[in-house]
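Presented below is the structure to which this report refers.
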Amino acid sequence: MSGPRPVRAARGTELSTLGWQQEAALRMLQNNLDPEVAEHPDKLVVYGGTGKAARDWRSYDAMVRTLQTLKQDETMLVQSGRPVGVMQTHEWAPRVLLANSNLVGDWANWEEFRRLEHLGLTMYGQMTAGSWIYIGTQGILQGTYETFAAVAAKKFGGTLAGTITLTAGLGGMGGAQPLAVTMNDGVAICIDVDPRAIDRRIEHRYLDVKADNLRHALQLAVEARDARKPLSIGLLGNAAELLPQMLAEGAPIDIVTDQTSAHDPLAYLPVGVDFDDMASYAAKDPAGFTTRARESMAKHVEAMVGFMDAGAEVFDYGNSIRGEAQLAGYDRAFAFPGFVPAYIRPLFCEGKGPFRWAALSGEASDIHKTDKAMLELFPENESLHRWIKMAGERVHFQGLPARICWLGYGERDKAGERFNEMVADGTLAAPLAIGRDHLDCGSVASPYRETEAMLDGSDAIADWPLLNAMVNVASGASWVSIHHGGGVGMGRSIHAGQVTVADGTKLAGEKIRRVLTNDPGMGVIRHVDAGYDIAETVADERGVRVPMREG
Ligand code: NAD
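Encoded structure:
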């Protein structure tokens, strides 16, 4: 019987499949489970507490086997992490189609999901876990960096120097927070209940130091703030205990957010429960654990609101903690905004979002060459130049070398076509897998996050991600996915993803041009439809057709 074992994607140009499109899917599936990349690879969990790349080890083996024999005109169908069929399609069709964690509306809650998961019928796919384009903490780093840059621009004169940010959660994605703050020259205190999470971020150079206790953390923070020096400080403890304590003591905090796994109440440690007992308690009494976790989240959010009342800039970082606190009866849970309406929506209107690519060669030099190509392609884009330079210096690759860079409509296709040429002319050692997060401009319906407070009230309309997936299939993506729940939990979102492989062929170039135009195009039309002026200007200037504005 197959069971847990270390998984690592192959490097180099030798294929164990019948073509690069299939090879890319295989390597990216395996890369998601690489111990350098995944949070709990033995459980097939990539990030986000329970986000998996395959349902179980038997399904994983079957997917590997199937990808190794899959032909250029065949498509493997994956239902929540299990391969359920191979169909004859054609060479423009995706090689893999994935649907993860989807449940019918009235059934889409954690209780029903867990019942089905327990029966072995489904798995939680998160966003890029079940769709095989997670690239480690870097994947979220640029988005987090841009968010803190927007906070700095809005409230602190364009820099976080001389400010202290307080947050919690140093997991797969939350671990990007300390580096994103120090890249903006600020000081961060980052709380986590798991000592390993703190040590791991220090090891990967995302976090600078570990404090002995709360007093020590505050002392280090104030010293660094006064010297206007960037510093990130890990603090062991429960955020639901420490935040109220810090508020009561009048800690000098300027910015507060949170990235604990609050979207899944079984992954948030309640006050009074030992970290070592967390997993067994959650498994033994999920209902009791959930109630206690939500009560703790209410205390946590109440303290965040307290910091806001005291003048701090406070925002929800997309983990549903406000929704959970509200379920526990805290009535001011939504007093502070989510980060999308507060800072990110104007970027979405331009079709901008977390574009990324991974070097299937395994060579860091391939990424450095693509970095250089990006600087040449977009000479006028200052923030892109700043990001690529800092990423080149400070980002530690996890698994296959990769890069993330927020690009918009009219930019992604340009980058993708250039990359394909670089594969074709031998500049790069092997093809690239080009994809993005599901958290993108036109690929997600999520009323507590990406589509919170839409101008026309269309927050919960989920036709958009479905159209997005269909247009990517029709445009020639290499694999396409539709998920439910993602970073905000069951019942709260529907989202789609795509990955397209630049293998240097003419066909790949044609697919890339269509996919990387139409995919961000969804962001533009989604925001035109909702009435955003910026999106209308982008549509006019860059020639995005919107029938209701014609004739
Ligand atoms: P993760 O499970 O890898 O990490 C969560 C961390 O929270 C763990 O290290 C855990 O020990 C810690 N934690 C749990 N309970 C705690 C408590 N009471 N006090 C202090 N620490 C506690 O998850 P992740 O991948 O880092 O994601 C975290 C959350 O942030 C998710 O809900 C995710 O969806 C969300 N998120 C949203 C965005 C976005 O919207 N852009 C980006 C990143 C993450």
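With full-length UniProt numbering, letter number 536 in the sequence shown gets 536, and the count goes up by one each step, no holes. The beta carbon of each residue, even a glycine, is placed where N, CA and C say it ideally should be.
Can the beta-carbon of T50 be found closer than 8 Å to that of D309? no
In its own chain, which residues sit with a C-beta less than 6 Å from the C-beta of F113, not counting the 5 before and 5 after it? M490
Quick one: any contact between the stretch 3 to 15 and the stretch 30 to 37, if contact means 3 or more CB pairs under 8 Å? yes
Inter-residue CB distance, P341 and A453 (contact presumed, cutoff 8 Å): 4 Å
Just the Cα atoms here: how many angstroms apart are R549 and A248? R549 and A248 have their alpha carbons spaced roughly 54 Å apart.
Looking only at C-alpha atoms, which of V515, D56 and Q177 sits nearest to G3? Considering only V515, D56 and Q177, the residue with the shortest C-alpha distance to G3 is D56.
Let's test the definition: count the other Cβ atoms within 10 Å of the Cβ of L121 and tell me whether it reaches 16, buried, or not, exposed. exposed
K229 versus G531: straight-line alpha-carbon distance, rounded: 42 Å
Mind checking whether the beta-carbon of I135 lies closer than 7 Å to any heavy atom of the ligand NAD? Result no, Cβ not under 7 Å from the ligand NAD.
For V256 versus A312, is the C-beta distance shorter than 8 Å? yes
Residue burial classification, K52 (beta-carbon count within 10 angstroms, cutoff 16): It is buried - the Cβ of K52 has at least 16 other Cβ atoms within 10 Å.
Which residues in the same chain as Q142 place their Cβ atom closer than 8 Å to its Cβ, once the five residues preceding and following it in sequence are excluded? Excluding five sequence positions before and after Q142, the CB atoms of its chain that fall closer than 8 Å to its own CB belong to P354, W387, A391, I404, C405 and W406, given in chain order.
Between the CA atoms of S59 and G81 - distance to the nearest angstrom: Approximately 7 Å, taken between the alpha carbons.
With a 10 Å radius around its C-beta and 16 neighbouring C-beta atoms as the bar for buried, classify E39 as buried or exposed. buried
Please return the same chain residues whose Cβ sits closer than 7 Å to the Cβ of E417, not counting the five positions on each side in sequence. G509, I512 and R513
How many Å lie between Y124 and D226 at the Cα? 44 Å
Could you give the first and the last residue of the continuous beta strand (DSSP E) run that contains R8? It is not in any beta strand (DSSP E) - R8 carries neither H nor E in the DSSP assignment.
Using three-state DSSP, classify T75 as helix, strand or coil. Note: T75 maps to strand in three-state DSSP.
Local Cβ density within 10 Å of K352, reported as buried at 16 or more and exposed below that: buried
Given the structure, does T260 come close to the ligand NAD, in the sense that its CB is under 7 Å from one of the ligand's heavy atoms? Between the ligand NAD and the CB of T260, the shortest heavy atom gap is smaller than 7 Å.
Sufficient close CB pairs (3 or more, under 8 Å) joining the stretch 230 to 250 to the stretch 166 to 182: A contact exists between the stretch 230 to 250 and the stretch 166 to 182.
Report all residues from its chain with a CB closer than 7 Å to the CB of A502; omit the five preceding and five following residues, and keep chain order. G416, F419, N420, V423, P431, L432, I434, A508 and I512
If you drop the 5 nearest sequence neighbours on each side, which residues of the same chain put their C-beta closer than 6 Å to that of G306? Result list for G306: L247, in chain order.
C-alpha gap between K43 and A129, whole angstroms: 13 Å
Check E14 in the structure and name its three-state DSSP category. In the structure shown, E14 sits in coil (DSSP, three-state: anything other than H, G, I, E or B).
Residue-level contact to chain C via CB, I140, 8 Å cutoff: In the structure shown, chain C does not exist; there is a single protein chain.
Confirm, please, whether the CB-CB distance from Q219 to A402 is below 8 Å. Not a contact, by the Cβ cut-off of 8 Å.
For R332, the three-state DSSP class (helix, strand or coil): coil
Quick one: using the 10 Å Cβ neighbour count with 16 as the cut-off for buried, is S280 buried or exposed? exposed
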